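Accompanying notes for the structure given below.
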Amino acid sequence: NAGVTQTPKFRVLKTGQSMTLLCAQDMNHEYMYWYRQDPGMGLRLIHYSVGEGTTAKGEVPDGYNVSRLKKQNFLLGLESAAPSQTSVYFCASSSRTDDYEQYFGPGTRLTVT
Amino acid sequence: AQTVTQSQPEMSVQEAETVTLSCTYDTSESDYYLFWYKQPPSRQMILVIRQEAYKQQNATENRFSVNFQKAAKSFSLKISDSQLGDAAMYFCAYRSQFTSGTYKYIFGTGTRLKVLA
């Protein structure tokens, strides 16, 4: 099992550009999450999904969109990147059968110039 | 709303010594879980230990143990016989009750632990 994987690992964008971060899990987990990690702020929840085809807003959703067309994938999109979105992005997944323990991906470091 | 506070941005410990990382939280819920995660330089988030609020006994995982004080809303992590591999950022996290179809995790701001040889 690869667990939770994220693509890409690093990316540099110019202000106004768009991109999509891909999160994939091979554990058949129902729940998936996107967090951002900023210095001195801990991890903050951007969006989450409780199942295929469903998404919901977390604590800091502005400027991001998500989609969960397949159970194993959770996409995070930035339509018009801003310097304030420079961060490390983590994806996580969890399952009822594992008492909702969160399994994290390795993170994506995004820099917006 | 729940909050998690880690008041120590950085801590240092000598190899083989013991160190305690502090965490306090605020909640009105009676049933919840608390976690400590380790984030080494690789950035991978690794679960260290978890504590169910309804359990009075403190959780222990090898060299890692917690001091859970529910009334004081305190959840500290003790690392015994510190090793160089323990050097990392440590995050305290609170898992709220099941609402809006899922559990939500609230993370503290982290404590960077340095282990001195």
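In order, the protein sequences belong to chains C and H. When we follow the numbering used here, the leftmost residue of the first sequence carries the number 7, and every step to the right adds one. When we follow the numbering used here, the leftmost residue of the second sequence carries the number 2, and every step to the right adds one. Don't be surprised by glycine CBs; every beta carbon is placed ideally from N, CA and C. Note that the structure is predicted; figures quoted are calculated from it, not measured.
Q: May I ask which residues mark the beginning and end of the beta strand (DSSP E) holding E11 of chain H?
A: As a first step, residue 11 of chain H is located in the second sequence; it is residue number 10 there, counting from the start. Looking at the DSSP string, the run of the beta strand (DSSP E) that includes E11 of chain H is 11-15.
Q: Could you have a look at Q108 of chain C and say whether DSSP puts it in helix, strand or coil?
A: By one-based count along the first sequence, residue 108 of chain C stands at place 102. Here Q108 of chain C sits in coil by DSSP.
**Q.** Contacts around V4 of chain C, its chain only, beta-carbon distance under 6 Å, and the 5 residues preceding and following it disregarded
**A.** Any answer about residue 4 of chain C is impossible in this case: the structure gives chain C only from 7 up to 119.
Q.
I'd like to know if the region 61-80 of chain H and the region 19-28 of chain C are in contact, where contact means that at least 3 CB-CB pairs between them fall below 8 Å.
A. no
**Q.** When H:S13, H:V49, H:Y95 are compared against S31 of chain H, the one with the closest alpha-carbon
**A.** Along the second sequence, one-based indexing puts residue 31 of chain H at 30. The shortest C-alpha separation from S31 of chain H is found at H:Y95.
Q: Answer yes or no: does any C-beta atom of chain C fall closer than 8 Å to that of K39 of chain H?
A: Here residue 39 of chain H refers to the residue found at position 38 when the second sequence is read from its first residue. It does not: the Cβ of K39 of chain H has no partner Cβ on chain C nearer than 8 Å.
Q. Any heavy atom of the ligand MN closer than 7 Å to the CB of E36 of chain C?
A. For the ligand MN, the structure offers nothing, since it holds no ligand at all.
(Q) Please give the ranges of any beta strand (DSSP E) in the region 23-61 of chain H, keeping only runs that are unbroken, at least 3 residues long and fully inside the region. (A) 25-27, 34-40, 47-53
Q. Which residues of chain H have a Cβ atom closer than 9 Å to the Cβ of A62 of chain C, listed in chain order?
A. Counting from 1 along the first sequence, the entry for residue 62 of chain C is found at position 56. Per Cβ cutoff of 9 Å: S101, G102, T103.
Q: Could you check what DSSP says for L85 of chain H in three-state terms: helix, strand or coil?
A: As a first step, residue 85 of chain H is located in the second sequence; it is residue number 84 there, counting from the start. In the structure shown, L85 of chain H sits in a helix (DSSP, three-state: H, G or I).
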